[in-house]
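Quick notes on the structure that follows.
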Amino acid sequence: MRASVILLDKTGQFIVLIKRIKPDKTYLVFPGGGIEAGETPRQAALRELSEELAIQVPSEAIRAEMQQQDGWLFLIQSQESVGPLAIHGEEAERSTPKNQYLPHWISLEEMAELSIFPEIDREWLARQLN
Numbered sequence: 001m002r003a004s005v006i007l008l009d010k011t012g013q014f015i016v017l018i019k020r021i022k023p024d025k026t027y028l029v030f031p032g033g034g035i036e037a038g039e040t041p042r043q044a045a046l047r048e049l050s051e052e053l054a055i056q057v058p059s060e061a062i063r064a065e066m067q068q069q070d071g072w073l074f075l076i077q078s079q080e081s082v083g084p085l086a087i088h089g090e091e092a093e094r095s096t097p098k099n100q101y102l103p104h105w106i107s108l109e110e111m112a113e114l115s116i117f118p119e120i121d122r123e124w125l126a127r128q129l130n
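Numbering (UniProt numbering), first residue to last: 1 to 130.
Shown next as structure tokens:
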């Protein structure tokens with residue numbers, strides 16, 4: 001099971017996506033990863049955000065959550081401004097020219113036109129953002 005995060009900036013207009021570049025494919029993902037033994041999906045989402053992007057948010061920042069086929073998705077409102085992002089932790093250690101993790105702030109308008117893996121329920125997200 002996975003816990004993934006849709007991280008909104010403090011204005012609620014931008015989200016973080018990680019561009020994954022591998023030799024055979026390039027795709028976009030939300031920050032997240034596996035749920036560890038003894039960990040709740042909520043705890044995993046906050047841990048993954050901290051490990052991957054060095055962004056700490058309190059559990060109160062979680063605005064919504066949804067169970068999906070392969071895990072959980074959490075909508076989190078950050079106090080971060082749109083600014084430079086960097087990969088940290090295991091992803092930084094595994095990053096090579098042939099295996100890249102490139103985080104970006106993307107506007108919600110731009111996100112509507114992008115293909116993101118795994119696919120999310122965009123209607124659910126639109127309801128949460130209104």
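The C-beta atom is built at its ideal place from N, Cα and C for all residues, glycine as well.
Please read all numbers here as calculations on a predicted model, not as lab measurements.
Name the one or two DSSP bridge partners that residue i has.
i	result
Leu28	Lys19 and Ile116
His104	Leu17
Ser4	Gly32 and Leu73
Thr96	Asn99
Using alpha carbons as the reference points, say which of the options lies closest to residue i.
i	options	result
Leu8	Pro118, Ser115, Ser107 and Ile35	Ser107
Ala61	Gln69, Ala45 and Gly71	Ala45
Gly71	Thr40, Met111, Glu51 and Asp24	Thr40
Asp24	Trp105, Gly38, Pro31 and Asn99	Asn99
When you compare the CB positions of residue i and residue j, do they come within less than 8 Å of one another, or not?
i	j	result
Gln128	Arg63	yes
Ser115	Leu73	no
Ile120	Tyr101	no
Leu28	Lys19	yes
Ile76	Val57	yes
Determine the burial state of residue i: buried for a count of at least 16 other Cβ atoms within 10 Å of its Cβ, exposed for fewer.
i	result
Phe117	exposed
Gly33	buried
Ser78	buried
Pro103	buried
Glu123	exposed
Exercise. With a cut-off of 8 Å, do at least 3 Cβ pairs link the region 67-82 to the region 4-14?
Worked result: Judged by Cβ distances under 8 Å, the region 67-82 makes contact with the region 4-14, as three or more pairs qualify.
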